[in-house]
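Participant: If you read the protein sequences in the order shown, they are chains U, Z, Y and L.
Throughout the first sequence, residue numbering follows my numbering, covering 1 to 247 in sequence.
Throughout the second sequence, residue numbering follows my numbering, covering 1001 to 1247 in sequence.
Throughout the third sequence, residue numbering follows my numbering, covering 2001 to 2247 in sequence.
Throughout the fourth sequence, residue numbering follows my numbering, covering 3001 to 3247 in sequence.
Glycine residues also receive a C-beta, built at the ideal position from the N, C-alpha and C atoms.
Can you read through this structure? Questions will come right after.
Number of protein chains: 4
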Amino acid sequence: MASKLIAIVAGVGPGTGASVARKFAATYPVVLLARNPDNFNDLAKEINSSGGKAIGISTDISDSGSVKSAVEAIKKEFGSDVGAAAAIFNASGGFLRKPFLEVPEEVFSKSLDVSAKGGFLFSQATLPLLLKGVEQKSKYPPSLIFTGATASVKSNAMMASFATGKWALRALSQSLAREFGPQGIHVSHAIIDGVIDIPRTKEWLKDMGPEAKLSADGIANDYWWLHTQPRTNFTWEIDLRPAVEKW
Amino acid sequence: MASKLIAIVAGVGPGTGASVARKFAATYPVVLLARNPDNFNDLAKEINSSGGKAIGISTDISDSGSVKSAVEAIKKEFGSDVGAAAAIFNASGGFLRKPFLEVPEEVFSKSLDVSAKGGFLFSQATLPLLLKGVEQKSKYPPSLIFTGATASVKSNAMMASFATGKWALRALSQSLAREFGPQGIHVSHAIIDGVIDIPRTKEWLKDMGPEAKLSADGIANDYWWLHTQPRTNFTWEIDLRPAVEKW
Amino acid sequence: MASKLIAIVAGVGPGTGASVARKFAATYPVVLLARNPDNFNDLAKEINSSGGKAIGISTDISDSGSVKSAVEAIKKEFGSDVGAAAAIFNASGGFLRKPFLEVPEEVFSKSLDVSAKGGFLFSQATLPLLLKGVEQKSKYPPSLIFTGATASVKSNAMMASFATGKWALRALSQSLAREFGPQGIHVSHAIIDGVIDIPRTKEWLKDMGPEAKLSADGIANDYWWLHTQPRTNFTWEIDLRPAVEKW
Amino acid sequence: MASKLIAIVAGVGPGTGASVARKFAATYPVVLLARNPDNFNDLAKEINSSGGKAIGISTDISDSGSVKSAVEAIKKEFGSDVGAAAAIFNASGGFLRKPFLEVPEEVFSKSLDVSAKGGFLFSQATLPLLLKGVEQKSKYPPSLIFTGATASVKSNAMMASFATGKWALRALSQSLAREFGPQGIHVSHAIIDGVIDIPRTKEWLKDMGPEAKLSADGIANDYWWLHTQPRTNFTWEIDLRPAVEKW
């Protein structure tokens, strides 16, 4: 195994993205992608000051030029033949729960741009690096992991703008799992079916007890578990929810 | 029932679109939408000369301005308070079966633009007319029908660009079915799981006999059946395939 | 087409079974199967006195001996080379919504016995007759239709005993569709997702208006529509629910 | 945490069952259930002689009397208030890939008896013990894990007898996950989508390389991972297949 293998996380924020970055930073140098540097600056500092290595790159994941620049910045930092052990797509266009006829085209398009086109651009950018990880005989099969949601498998009323992007992303992950599994890359999709416990959701579901929300660190553990599965035992999809969740 | 109720078909070509238009033209004036007028000119003539009424409007279904113009043209022709009995979305961005890393961004985006954004724009344009159909007490519940494919439920290797758009369209249809069913509109999704028998596919599957391909007229019959279901018995999804199809 | 083709309906009660029998009796002599003759006696009389032909046979669909006797009675009535145009499985073991640890083994087993083993026995008994229908060039492809429920695709808390049987029945129908489709038999599965409007449910959902329940005659119409699909356009599965249903 | 928590494995053979038993035996005393003692005798000896504790109990999982006797034997061995940390259902009625009309009733019934009724009896027998594990504040949430197969989600031609049982078992696991999750028990279902590498399959898929089959020890690792998930992050379902598997 070469020493250069990195992990790349797109969609780093205060929740899942940060937890995943910390988890993978224990083993790999990590690249943090987010549009707004405020979303990765503190985290990069934290990782770098605690013995890990992290760089943040301001990136609009739905823009091919911006994604191309990010790859160039990665190669400048880690060498042009850098390989990746893991790439995690955690970006999301957000959602607007509104009657369908009141959803502006921009909102609908943004969800597709981030979830579907963003997922496409991220995959085209990272798969060549993951294939290098295979060549370089990474300890664990290089992993490409996509974060999904309840809306990845159920499209409720007034959720069309969010669900269309999420269903498209799930389709992308399934196709890639089938194409790149035989090439040694482990592609997975996680259905996060519940509220994640982050600062923004502090007041939510309070009456349901302290375990009514998903732990972001727990999600990171599960992504790491997916990453360590051997080639003989690949999981494409997991669902994740609190024990008390109604589903 | 007012006399003005119309049917609108987007994605009129030599196959399903034309058959659906002919079928619904037996009962309603039909509006034919396609980018290229060659795709509807002959059909409009055929319908108009055989006792029906049809107008074709050149429309780029993935462009909001073009869709807006189409609605204006419809209102100019049929009156500003025109209602619709049926709207059928049959457009598709086509597909390119290629290794993922060789799929150009334009191809990926086009599939999403037509299937996902096109489905969104078509729905936002036609739902107000379908709601008028409800007000005007149409004989059959106004119907919004989406044409899907095998790739709407299965995302195979090298099919990511097509499947992402089709999964997004299915998500759209499911959300709309849940939101607009209680408002009296019947939203359906048809999984066309096989090759449709059209001029372009004449030579395909010849060794499997004359019934190895789906009949476009048969699909139109099935869409009509969906249209005639009463409010007590709505079907959201059907699959359709030749008896000999492997699935 | 020979004149002998019959339709066989298992699980005739006051709801779907009776409506289906009436619908198919307009075209075919019908055989009515139910354990309790009270469930078919009046219906048989009604059909026979209004120009159709019906016989009822008391049958325990979960018992192979009883099913065998039913087939013998059918052959005695219609000739040993009788073919079938349609066989509809509408039986169900009922359900008990109870905490899992309070469900008696007999209740759990009965659901499996009727839905799963009953479906198996009915299929083995009727498929040879349906294959004769193919040989005899029936006007419509001989049909084997199974009645499912919400619990065929969703297994809720306290519904295990019902859902296990229904999921098994759906699996049976999918396997048979794949095996017998190429032999010319149309196998379908209908997910009835809502309350059916029958005498027993008269008081249910009253506050939701007159269209909150499925029409049994509507279901029968849909089964007839499935039956008339040509070999080029087979539907395996439909869902059916009232427009106002939450799902 | 009390010291008494045990793990119970039903369907111990030379593959998954044995690997799972070994894995859980590193932490818990294990109870091995199989009809034929040859399937657990050596394994029990191996575990007992390497520092663990195991007892084997000859049990017909489809027979309520036999399952009841097994529970009594467990309580005799570990005390009447024994709790369980894990219960793993790995039994299967086997399958016969044959044209449907050639499948004997006994074969069809056996699959249902083991997969569906066996799953029911095993769950009713072990859930009270798992609930005791919750009371006794087990380190990890008590787990009830079911082994599924490709045929749990796809019912192919000539696979009806196997698939009906497997779909029923999946329905059972989903219902139990919904009912017992809020009570602190983690119910999971694993779709094993490929050939497991066991002595009996030594010669299979040889031309596809050494990683074309699932590792039974890998499956056991994945079950252990499921077991260690905290209450905030429960996975109901995972799929597992070799990287090179076509699906």
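Hey, SER2115 of chain Y and ALA2160 of chain Y are a contact pair by Cβ (cut 8 Å); roughly how many whole angstroms apart?
Facilitator: Within the third sequence, residue 2115 of chain Y is the residue found at index 115, counting from 1. Within the third sequence, residue 2160 of chain Y is the residue found at index 160, counting from 1. That pair is no contact at about 13 Å.
Participant: Name, going along the chain, the residues of the segment 120 to 136 of chain U whose beta-carbon falls closer than 9 Å to a beta-carbon of chain L.
Facilitator: Taking 9 Å as the Cβ-Cβ cut-off against chain L, none of the residues of the segment 120 to 136 of chain U qualify.
Participant: Can you list, in chain order, the residues of its chain with a C-beta nearer than 8 Å to that of ALA3018 of chain L? Leave out the 5 residues immediately preceding and following it.
Facilitator: As a first step, residue 3018 of chain L must be located in the fourth sequence, where it is residue number 18. The residues are VAL3012, LEU3043, ALA3216.
Participant: Can you pull the chain Z residues whose beta carbon is under 7 Å from the beta carbon of TRP2247 of chain Y, in chain order?
Facilitator: For the purposes of this step, residue 2247 of chain Y is taken as the residue at position 247 of the third sequence. Simply ARG1178.
Participant: Considering Cα atoms alone, identify which of L:PHE3078, L:ILE3008, L:ARG3170 is closest to ASN2156 of chain Y.
Facilitator: Numbered from 1 along the third sequence, position 156 holds the residue referred to as residue 2156 of chain Y. Nearest of L:PHE3078, L:ILE3008, L:ARG3170 to ASN2156 of chain Y, Cα basis: L:ARG3170.
Participant: I need the boundaries of the beta strand (DSSP E) containing SER1143 of chain Z, first residue and last residue.
Facilitator: For this step, residue 1143 of chain Z is matched to residue 143 along the second sequence. Start and end: 1143 to 1149.
Participant: Out of U:VAL20, U:ALA87, U:PRO99, U:GLU211, state which residue places its alpha-carbon closest to the alpha-carbon of VAL244 of chain U.
Facilitator: By 1-based counting over the first sequence, the position of residue 244 of chain U is 244. Comparing Cα-Cα distances from VAL244 of chain U to each of U:VAL20, U:ALA87, U:PRO99, U:GLU211, the minimum goes to U:GLU211.
Participant: Of all Cβ atoms in chain Z, is any one closer than 8 Å to the Cβ of ASN156 of chain U?
Facilitator: In the first sequence, the residue the question calls residue 156 of chain U occupies position 156. So, interface residue.
Participant: LEU101 of chain U touches chain Z at which residues, Cβ-Cβ below 8 Å?
Facilitator: If you number the first sequence from 1, residue 101 of chain U lands on position 101. Those within 8 Å of LEU101 of chain U in chain Z are GLN1124, LEU1127, PRO1128.
Participant: Closer than 8 Å, CB to CB, is ARG3097 of chain L near chain Y or not?
Facilitator: Within the fourth sequence, the letter at position 97 stands for residue 3097 of chain L. Closer than 8 Å: no.
Participant: On the CB-based measure, 16 or more other CB atoms within 10 Å of its CB, does ARG3022 of chain L come out buried or exposed?
Facilitator: The residue you call residue 3022 of chain L lines up with position 22 of the fourth sequence. With 16 or more Cβ atoms within 10 Å of its Cβ, ARG3022 of chain L is classed as buried.
Participant: Is it right to say MET1001 of chain Z is buried, meaning 16 or more other beta carbons lie within 10 angstroms of its own, or is it exposed?
Facilitator: The residue you call residue 1001 of chain Z lines up with position 1 of the second sequence. In this prediction, MET1001 of chain Z has a pLDDT of 40, which is less than 50 and means its spatial position is unreliable; what the coordinates show is noted afterwards. With fewer than 16 other Cβ atoms within 10 Å, it is exposed.
Participant: State the Cα-Cα distance for the pair VAL1020 of chain Z and PHE234 of chain U, rounded to the nearest angstrom.
Facilitator: Residue 1020 of chain Z sits at position 20 when you count from the first residue of the second sequence. Residue 234 of chain U sits at position 234 when you count from the first residue of the first sequence. Each residue's Cα considered, the two are about 44 Å apart.
Participant: By the criterion of Cβ-Cβ separation under 9 Å, what are the contact partners of PHE2234 of chain Y in chain Z?
Facilitator: The count along the third sequence starts at 1 and reaches residue 2234 of chain Y at position 234. Correct list: ASP1239, LEU1240, ARG1241, PRO1242, ALA1243, GLU1245.
Participant: Do you know offhand how far LEU2129 of chain Y's Cα is from SER2062 of chain Y's?
Facilitator: Translated into the one-based positions of the third sequence, residue 2129 of chain Y becomes position 129. Translated into the one-based positions of the third sequence, residue 2062 of chain Y becomes position 62. Distance between the alpha carbons of LEU2129 of chain Y and SER2062 of chain Y is about 19 Å.
Participant: My guess is that VAL1187 of chain Z and TRP1224 of chain Z are in contact by the Cβ rule of under 8 Å, so how many angstroms apart are they, rounded?
Facilitator: By one-based count along the second sequence, residue 1187 of chain Z stands at place 187. By one-based count along the second sequence, residue 1224 of chain Z stands at place 224. In fact, because the Cβ distance is near 16 Å, the residues do not count as touching under 8 Å.
Participant: Buried or exposed: which applies to ARG3200 of chain L, given that a residue is buried once 16 or more other Cβ atoms fall within 10 Å of its Cβ?
Facilitator: Within the fourth sequence, the letter at position 200 stands for residue 3200 of chain L. When all chains shown are included, ARG3200 of chain L counts as exposed.
Participant: Go through the segment 3101 to 3129 of chain L residue by residue and report every complete run of the alpha helix (DSSP H) that reaches 4 residues or more, in order.
Facilitator: Qualifying alpha helix (DSSP H) stretches, in chain order: 3105 to 3111.
Participant: Alpha carbon to alpha carbon, how far is THR2016 of chain Y from TRP3247 of chain L?
Facilitator: If you number the third sequence from 1, residue 2016 of chain Y lands on position 16. If you number the fourth sequence from 1, residue 3247 of chain L lands on position 247. Roughly 38 Å separates the two Cα atoms.
Participant: Check the C-beta distance from GLY1194 of chain Z over to LYS1213 of chain Z and give it rounded, since I have them as a contact under 8 Å.
Facilitator: For the purposes of this step, residue 1194 of chain Z is taken as residue 194 along the second sequence, with counting starting at 1. For the purposes of this step, residue 1213 of chain Z is taken as residue 213 along the second sequence, with counting starting at 1. Going by Cβ atoms, the distance from GLY1194 of chain Z to LYS1213 of chain Z rounds to 7 Å, so yes, they are a contact pair.
Participant: Of the choices U:ALA7, U:SER109, U:ASP38, whose alpha-carbon is the least far from that of ALA26 of chain U?
Facilitator: Walking along the first sequence from the start, residue 26 of chain U turns up at place 26. The option with the nearest alpha carbon to ALA26 of chain U is U:ALA7.
Participant: Of all the beta strand (DSSP E) runs that stay within the bounds of the segment 1045 to 1105 of chain Z, which reach a length of 3 or more residues?
Facilitator: You should have 1054 to 1058, 1084 to 1089.
Participant: Return the CA-CA distance between ASN48 of chain U and VAL9 of chain U, expressed in angstroms with no decimal places.
Facilitator: Residue mapping note: residue 48 of chain U aligns to position 48 of the first sequence, counting from 1. Residue mapping note: residue 9 of chain U aligns to position 9 of the first sequence, counting from 1. Cα-Cα distance, rounded: 16 Å.
Participant: Would PHE146 of chain U pass as an interface residue toward chain Z - the criterion being a Cβ-Cβ separation below 8 Å?
Facilitator: Numbered from its first residue, the first sequence carries residue 146 of chain U at position 146. It does not; no Cβ of chain Z falls within 8 Å.
Participant: Would you list, in chain order, the members of the segment 3208 to 3222 of chain L that have their beta-carbon closer than 7 Å to a beta-carbon of chain U?
Facilitator: Under the 7 Å Cβ criterion, the segment 3208 to 3222 of chain L contributes GLU3211, LYS3213, LEU3214, SER3215, GLY3218, ILE3219, ASP3222.
Participant: Whole beta strand (DSSP E) runs in the segment 161 to 230 of chain U with 3 or more residues, listed along the chain?
Facilitator: Counting whole runs of 3 or more residues, the segment 161 to 230 of chain U contains the beta strand (DSSP E) stretches 186 to 192.
Participant: For GLN1229 of chain Z, return the contacting residues in chain U, with the cut-off set at a CB-CB distance below 8 Å.
Facilitator: Here residue 1229 of chain Z is taken as the residue at index 229 of the second sequence, counted from 1. Within chain U, no residue comes near GLN1229 of chain Z; the closest Cβ sits about 20 Å away, beyond 8 Å.
Participant: What is the DSSP secondary structure of LEU1032 of chain Z, counted as helix, strand or coil?
Facilitator: Residue numbering aside, residue 1032 of chain Z sits at position 32 when the second sequence is read from its first letter. Three-state DSSP puts LEU1032 of chain Z in a strand.
Participant: Have a look at HIS2227 of chain Y and LEU2005 of chain Y and give me their C-alpha separation to the nearest angstrom.
Facilitator: Start at 1 with the first residue of the third sequence, and residue 2227 of chain Y comes out as number 227. Start at 1 with the first residue of the third sequence, and residue 2005 of chain Y comes out as number 5. So the two alpha carbons sit approximately 14 Å from each other.
Participant: Bridge partners for LEU3240 of chain L per DSSP, in chain order?
Facilitator: By 1-based counting over the fourth sequence, the position of residue 3240 of chain L is 240. LEU3240 of chain L is bridged to L:ILE3192.
Participant: Give a yes or no on whether the minimum CB-CB distance between LYS2139 of chain Y and chain L is below 8 Å.
Facilitator: Taking the first residue of the third sequence as 1, we reach residue 2139 of chain Y at position 139. Chain L, which has no Cβ nearer than 8 Å to the Cβ of LYS2139 of chain Y, makes this no.
Participant: Give me the Cα-Cα distance between SER3050 of chain L and GLY1148 of chain Z, rounded to the nearest whole angstrom.
Facilitator: For the purposes of this step, residue 3050 of chain L is identified with residue 50 of the fourth sequence, where counting begins at 1. For the purposes of this step, residue 1148 of chain Z is identified with residue 148 of the second sequence, where counting begins at 1. Looking at the two C-alpha atoms, the distance is approximately 58 Å.
Participant: Kindly say whether TRP1224 of chain Z, judged by its beta-carbon, lies nearer than 8 Å to any beta-carbon of chain Y.
Facilitator: Working through the second sequence from its first residue, we reach residue 1224 of chain Z at position 224. No, because no Cβ of chain Y sits closer than 8 Å to the Cβ of TRP1224 of chain Z.
Participant: Taking the C-alpha atoms as reference points, what is the distance between PHE2024 of chain Y and PHE2162 of chain Y?
Facilitator: Taking the first residue of the third sequence as position 1, residue 2024 of chain Y is located at position 24. Taking the first residue of the third sequence as position 1, residue 2162 of chain Y is located at position 162. One C-alpha to the other measures close to 28 Å.
Participant: Would you please verify whether the beta carbon of THR1150 of chain Z is less than 8 Å from any beta carbon of chain U?
Facilitator: By one-based count along the second sequence, residue 1150 of chain Z stands at place 150. No - not a single Cβ of chain U is within 8 Å of the one on THR1150 of chain Z.
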